[in-house]
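Take a look at the structure below.
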Amino acid sequence: MIHPTAHRSIWGLTALALGAATLVACAAEPDAAEVSGDLTALSTGTGLHADYFGNQSLTAPAVLARTDATVNFNWGSGSPAPSIPTDHFSVRWTGQVEALATQTYTFSTISDDGVRLWVNGQQLINNWTDHAATRNSGTIALTAGRRYDIRLELYENAGNATAQLFWATSSQPRQIVPQAQLYLPAASGTDGGAAARIPKLNRSGVAVAILVAANGQQTLAIRAEPGFPRRRRLRRGRRR
Ligand SMILES: [Ca+2]
Ligand SMILES: [Ca+2]
Numbered sequence: 003m004i005h006p007t008a009h010r011s012i013w014g015l016t017a018l019a020l021g022a023a024t025l026v027a028c029a030a031e032p033d034a035a036e037v038s039g040d041l042t043a044l045s046t047g048t049g050l051h052a053d054y055f056g057n058q059s060l061t062a063p064a065v066l067a068r069t070d071a072t073v074n075f076n077w078g079s080g081s082p083a084p085s086i087p088t089d090h091f092s093v094r095w096t097g098q099v100e101a102l103a104t105q106t107y108t109f110s111t112i113s114d115d116g117v118r119l120w121v122n123g124q125q126l127i128n129n130w131t132d133h134a135a136t137r138n139s140g141t142i143a144l145t146a147g148r149r150y151d152i153r154l155e156l157y158e159n160a161g162n163a164t165a166q167l168f169w170a171t172s173s174q175p176r177q178i179v180p181q182a183q184l185y186l187p188a189a190s191g192t193d194g195g196a197a198a199r200i201p202k203l204n205r206s207g208v209a210v211a212i213l214v215a216a217n218g219q220q221t222l223a224i225r226a227e228p229g230f231p232r233r234r235r236l237r238r239g240r241r242r
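Counted from 1, the sequence shown has number 241 at position 239 by this note's numbering; the numbering is strictly sequential.
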C-alpha cells in the first residue's frame, strides 16, 4: 500500500514531468481536458435523435421519433417511413457530436430541400429554401474528445428528398459523420466522452490518466484546473 504522502508526491512528479508538454493547451482553455492520440476506439456514439413531422414547418407533434445512426439519406421520390408522406415533411435531428481532433471542422450537408445546421449553438448552415440536391457548408473549431450539441433540420416540399451530413478537416477527408461520433441528446452540459473518463483532480490540481481502449490503444489524458500548479493547495494538503 502506498503511504498517502508518497502517493501525493508521485502525482506531483507525474504532473511536473508531463506538465511542460501539456499545460500550454490547459492554459489556453483551463477547464478543458487535453487528449491526444487516436480517439476513434474510445467513441461509443449510437447516432442522433430524429423527430419526423408530417408537415414541412417542423410543427409538433412529431409523427415519428427514432434514432438515426447517421444522416445519410437519399429518399428519392419516396418517404423516410410508412407513416411519413412523400412530400411536405420535415425532420429535426438532435444530439451531440464528438470531435476526434483539435482542429477546424468543416461541416457540410447535401439537402433537398431546405436545411439548417447548428453546432455548439452556432449556426453553420442556413439554406431554408426549395432546391434540388445542394451542398452547403460551414466551419467551427472543435477540441478532441469533447462533445458539442448539434441540431440539423430539413424540410421536403415536393419531388425528390435528400439529407446527408458530412465533416472534414485539413487532415481528414470529407466523410459522412460516423455513428460512433454521434450521441443522443445529453441531459445537461456539452462536456463528455473521453474527457468524462479522466479522474477527478488531485490536490495538486491535475489529473493524469492512461485511457486504454478495447483494442489496446492507449491514450494519455490530462486535466488541470485554472492556475495549476497551486502552491496553497499543496501546503494545505501537507498540514492534514
Ligand atoms: Ca418528395
Ligand atoms: Ca424536394
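Backbone N, C-alpha and C define an ideal beta-carbon position, used for all residues, glycine too.
- Three or more pairs of CB atoms, one per stretch, sit closer than 8 angstroms, so the region 101 to 108 contacts the region 146 to 162.
- Ile178 counts as exposed, since fewer than 16 other beta carbons sit within 10 angstroms of its beta carbon.
- Here Thr106 has Thr141 and Ala143 as same chain residues with Cβ atoms under 6 angstroms from its own Cβ, once five neighbours each way along the sequence are excluded.
- DSSP places Thr164 inside the beta strand (DSSP E), whose first and last residues are Ala163 to Ala170.
- Counting the other CB atoms within 10 Å of its CB gives Ala188 a total below 16, which places it among the exposed residues.
- The beta carbon of Trp77 sits closer than 6 angstroms to those of Ala163, all from its chain and outside the five residues before and after it, given in chain order.
- Contact between Leu184 and Gly49 holds, with the beta-carbon distance rounding to 5 angstroms and staying under 8 angstroms.
- For Trp77, the enclosing beta strand (DSSP E) has its first and last residue at Asn74 to Gly78.
- Within the same chain, Cβ atoms closer than 6 angstroms to the Cβ of Asn74 are found at Gln166 and Ile178, the five residues on either side in sequence being excluded.
- When rounded, the separation of the alpha-carbon atoms in Ser113 and Leu44 is 31 angstroms.
- For Gln98, the enclosing beta strand (DSSP E) covers residues Phe91 to Glu100.
- Where Gln105 is concerned, the enclosing beta strand (DSSP E) starts and stops at Gln105 to Asp114.
- For Pro82, the closest of Leu154, Asp53 and Gly47 by C-alpha to C-alpha distance is Asp53.
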